[in-house]
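Asker:
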Amino acid sequence: MHREKAFLRTNHANMLQQNRYDYYYYLLISFLFITLLQICTSKDTITANESFKDGDLLVSNGNYFAFGFFSPGSSVNRHIGIWYNKVPEQTVVWVANRDNPINGTSGIVFLEKSGNLVLRDESRNLLLWSTNVSGTLSATSSFSVQLTETGNLALFQDQIRSIVAWQSFDYPTNTLLPHMKVGVNRKTGLIPVMTSWKSQDDPGTGDFRFKMELNGSPQFFLYKGSDRQWRTGPWNGIQLSGVPDMTSKFIFTVSYVDNDDEVSLSYSIRDPSIFSRLVLNESGTLERLTWQGGEGKWVKFWAAPKDQCDFYSHCGGFSDCDPYNLGEFECQCLPGFEPKVKSEWYLRDPINGCSKKQEQQTCGNSTDGFVKLTFVKVPDTSNARVNKSLGLKECEDMCLKNCLCTAYTSANISSGGGSGCITWYGDLIDMRQFSNGGQDVYIRVTAAELAQILKNSKGSNSRKLVIIVVPSVAGVLLLLFVSCLVLKNIKGHEGKRQYIKRLLSLNISPKSSYGGSSTTKEMDESADLIIFDLKTIISATDHFSFANKLGEGGFGSVYKGRLHNGREIAIKRLSKSSGQGIEEFKNEVTLIARLQHRNLVKLLGCCIQQEEKMLVYEYLPNKGLDNFIFDKEKRALLNWRKRFEIILGIARGIVYLHRDSRLRIIHRDLKASNVLLDAAMEPKISDFGMARIFGAGQMEANTNRVVGTYGYMSPEYAMQGLFSDKSDVFSYGVLLLEIISGRKNSSYFHDNAINLIGYVWDLWKEGKALEIVDQSMGGSFNQDEVQRCIQIGLLCVQEHATDRPNMSQVLSMLSNETSLPSVSLKQPAFILKKVNNNNNNNNNNSNVPYSSSASIGALSVDDVTITMVQVR
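Numbering (full-length UniProt numbering), first residue to last: 1 to 872.
1. Any contact of the segment 177–185 with the segment 97–106, i.e. 3+ C-beta pairs under 8 Å?
2. Is it true that the segment 193–207 meets the segment 254–272, where meeting means three or more beta-carbon pairs spaced less than 8 Å apart?
3. Quick check on this structure: which residue in K297, G793, G189 and G426 has the alpha carbon closest to the alpha carbon of D261?
4. Kindly provide the ranges of any alpha helix (DSSP H) runs that are 4 or more residues long and lie completely inside the segment 528–577, ordered along the chain.
5. In chain order, what residues of the same chain have a beta carbon less than 8 Å from the beta carbon of residue 894, not counting five sequence neighbours either side?
6. A691: which of Q146, L736 and L657 sits nearest, CA to CA?
7. Below 7 Å CB to CB, which residues in the same chain sit around S509 once its five sequence neighbours on both sides are set aside?
8. Residues in its own chain within less than 6 Å of R385 by CB, not counting five upstream and five downstream?
9. Rounded to whole angstroms, how far is the Cβ of N652 from the Cβ of I693, which I believe are closer than 8 Å?
10. Just to confirm the assignment, what range does the beta strand (DSSP E) spanning L373 have?
11. By alpha-carbon positions, which one of E716, L373 and E645 ends up nearest to K726?
12. Looking at the unbroken beta strand (DSSP E) that takes in G107, where does it start and where does it end?
13. Does K613 pass the burial test, meaning 16 or more other C-beta atoms within 10 Å, or should it be called exposed?
14. Please determine, among K43, P821, H800 and F69, the residue with the shortest C-alpha to C-alpha distance to S60.
15. Quick one: using the 10 Å Cβ neighbour count with 16 as the cut-off for buried, is Q90 buried or exposed?
16. Thinking residue 876 and I571 are a contact (beta carbons under 8 Å), I'd like their distance in whole angstroms, please.
17. With three or more beta-carbon pairs closer than 8 Å as the criterion, would you say the segment 622–635 touches the segment 599–613?
18. At which residue ranges does the segment 736–787 contain complete beta strand (DSSP E) runs of 3 or more residues, listed in the order of the chain?
19. Enumerate in chain order the residues of its own chain whose CB-to-CB distance from K211 is below 8 Å, with the five nearest sequence positions on each side excluded.
20. Do S741 and V729 come within 9 Å of each other at the CB atom, strictly closer than that value?
21. Per DSSP, C421 is paired with what?
22. Give me the Cα-Cα distance between G605 and N599, rounded to the nearest whole angstrom.
23. How many whole angstroms separate the CB atoms of F143 and L126, which I take to be in contact at a CB cut-off of 8 Å?
24. For L825, which of G294, H800, D227 and F370 has the nearest alpha-carbon?
25. Fully enclosed by the segment 608–680, which beta strand (DSSP E) runs are 3 residues long or longer?
26. Taking a contact to mean a Cβ-Cβ separation below 9 Å, would you say D427 touches T406 in this structure?
27. Measuring CB to CB, does G242 end up less than 9 Å from V378?
28. Since L814 contacts P805 with CB under 8 Å, what's their CB separation in whole angstroms?
29. Should residue 875 and K602 be called a contact, given that it needs their Cβ atoms to be closer than 9 Å?
30. Excluding the five sequence neighbours on either side, which residues of its own chain have a C-beta within less than 7 Å of the C-beta of residue 876, listed in chain order?
31. List the endpoints of the continuous alpha helix (DSSP H) containing V810.
32. Counting along the chain, where does the beta strand (DSSP E) carrying D397 start and finish?
33. Just verifying my parser: in three-state terms, what is the DSSP assignment at M194?
34. Cutting at 8 Å between CB atoms, please list the residues of its own chain near S780, excluding the five before and the five after it.
35. Assuming V93 contacts F52 under a Cβ cut-off of 8 Å, what Cβ separation, rounded to an integer in Å, is found between them?
36. On the criterion of 16 or more Cβ atoms from any shown chain inside 10 Å, does D227 qualify as buried, or is it exposed?
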């Protein structure tokens, strides 16, 4: 019994001791859990007298943004800033000490009791950055800094956080986030300015700035140093006049405020799960980027400047820049004006702009009138006058009564008819044409000029102008009469299908881009295409919505569409102002319909209705080759094996055109953007608007209408108008070198090389050709295969056509079926040469691109014979 009691006592004691151990164990676990929970629970606030060191992190509510120390790119310097917390790729949107980096991890952020947020380098006891607001605040102990869910670092001076003493949104670096205002605070004078980084590895203040200016009608300018690069135009009630395609109403809500307190522009995103930002990059391009989680990258949806007409005052004063005027000089003088320096204009140097053809003889003459330009970016409003109370008719009358008034437009077009008035009293600068969007501008001309313009415009559709003669409606009646005749003529056709058949059977002169008149057989083959109704196209593209816009070029715009059966299509909508007329349109319809090859784009049909001319193709989701090889991020998706497959596919397509199809076709406009990629990255050659058919025994042809793209044109074609299959070989050689290097032919200005061809040739002579290989591929490529392709590329760009292989030989060499020629390569075409200029110039030795056998000397306008060159 005693032994049993002793056992029970011992067992009870053991149980108490075990329970005590269990208690301490669970207490320890609870403590660790609570501690771990505190560590994992992110905070978004710094309070007064609280420090924040390298390694600490503020995370906003919802985990959208983070604030802390970071090193940009490959740099080892430390900066403090804000970045997206939910995006795997670190994307910094704001930097505090952008020009004062920390060398090491000794940085510390501290919220002083006086309310100032400061950054110090503890190792050097050096102040690097400060909000610099303590002198403006009342004494209080309730200061706090919070990182909000919008990405704004805000300094509050009260406990309930209702009074903002300072915020990062007022001091942007290179990024504009949703809800962030950019403009002018009229009360404080504060002007938030976006400024580019110096490089991807250095967030220091770069060369480019984007800010609002209030002179005249408020508008935004992009600067490089003190030089204006691009202008948005003023707010017209719907959008910024010069940015018709910047935003989408389906994704964004744009807010423009103009009152006594501020003038500002901001935007918000309808779907908070979408991450989108506006960035001013290191090269001076303003880009709207959206994060595509499925693809794991930022995708560019908009950029400016996007073409030469976007650059500020590209064509000088009293001119209009039209990038869609295919084959013509993009600069045109406004109605009633002529080039100020004709010799410069003739050589396509528009820097001096245009001036009045004749001085006005009277002031406010009732016979003066206006020419209405449509779809344009309004001139620079820095020196314009704005009256928001006038209507459009009152605006016209006011301008007519003032001799110095040169143009007018509506200040607000949101109401349809327009309201408010903007008038100009001097130079009209920085106008450009849009394929869609923009607004109407009314240019003042004299009665004599009106008559001449009306006379010249008869029978011409190269540019649509509306003539407004103030005292009479005769001009309007004349236009209505002509319009009735045109409509009657169209209605008299035997129906849409018969009209299209007649269109395709029009005779084209032998020197046209088609190369001969259509036969009945050709017409019948083309008639097998689907003829789409305009309503079908409108429905498929959701009324040509911006969300469905794939891109735009000299011809007009390309849209993605979805038919009722679910099939995706691509619609090439020719701009009404495009130079691509009936011949080029017919060329595409009759040629592509008769060509079937896996490496050629497939034409499904066309639509010709009312004033619309549209081509309907198969939809290729990866768009153009240029979107990959010239893109800093996308190029990494193309390893050498895929690039080589693309090189072979393009070669097979050209061999089919030159040799294997029923027709012998010279493309004449081979370039990266005219090679499309399907879902499997298979290349397909597109854009046959400039192609020519060759007869069975025809070796070459001559034209005085040189079409194509600078950098891709062979020397005999560019200089003499001679073209053959070897012209396409030259273009292919340029494209081959671009695919290998990931650089455009025009992008090189290296030592004595003016372009990519010259640069490759210099490296080839030095035995360093592999240095041109795109670094995004790393070292994962077959060096012998790449070396072979570079040599083939140089063979294709030989100066003389007889020294180039044909495309069948090129394909054979690429496929290793034929050994490469043992002869030494000759110097390619268009290599930089030093020439002596005997004119009285400051620089006697100048660099000029040349064809090596050509004799280059001082040229004057009278010495030059220029054929009609159309460059895209």
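For each residue, glycine too, the CB sits at the ideal point set by N, CA and C.
Just so we're clear, the structure is a prediction, and the values are computed from it rather than from any experiment.
Answerer: Here's the rundown:
1. no
2. no
3. G189
4. 534–540
5. Shown here, the chain extends from 1 to 872; a query on residue 894 therefore has no answer.
6. L657
7. Note on S509: pLDDT 28, under 50, position unreliable in the model; the coordinate value appears next. Taken in chain order, the list of residues that qualify is empty.
8. T423
9. According to the sequence displayed, residue 652 carries Arg and not Asn. Contact flag wrong, Cβ pair sits at about 20 Å.
10. G369 to K377
11. E716
12. G107 to L111
13. With 16 or more other Cβ atoms within 10 Å, it is buried.
14. K43
15. exposed
16. Residue 876 lies beyond the range of the chain shown here (1 to 872); nothing can be said about it.
17. With the cut-off at 8 Å, the segment 622–635 and the segment 599–613 do not touch.
18. Runs found: none.
19. V182, I191, P192, V193, M194, F220, F221 and Y223
20. no
21. N387
22. Pairing G605 with N599, the inter-Cα distance amounts to about 18 Å.
23. That pair is no contact at about 23 Å.
24. Closest in C-alpha terms to L825, from the list G294, H800, D227 and F370, comes H800.
25. The qualifying runs are 612–618, 664–666 and 675–677.
26. Yes, Cβ-Cβ distance for D427 and T406 is below 9 Å.
27. yes
28. Not really, about 11 Å apart at Cβ, beyond 8 Å.
29. Residue 875 lies beyond the range of the chain shown here (1 to 872); nothing can be said about it.
30. Any question about residue 876 goes unanswered here, given that the chain covers just 1 to 872.
31. Unbroken alpha helix (DSSP H) run through V810: M807 to L814.
32. Where D397 is concerned, there is no enclosing beta strand (DSSP E), although the alpha helix (DSSP H) it sits in stretches over L392 to L400.
33. strand
34. N639 and W640
35. Not a contact, Cβ separation roughly 18 Å.
36. That one is exposed.
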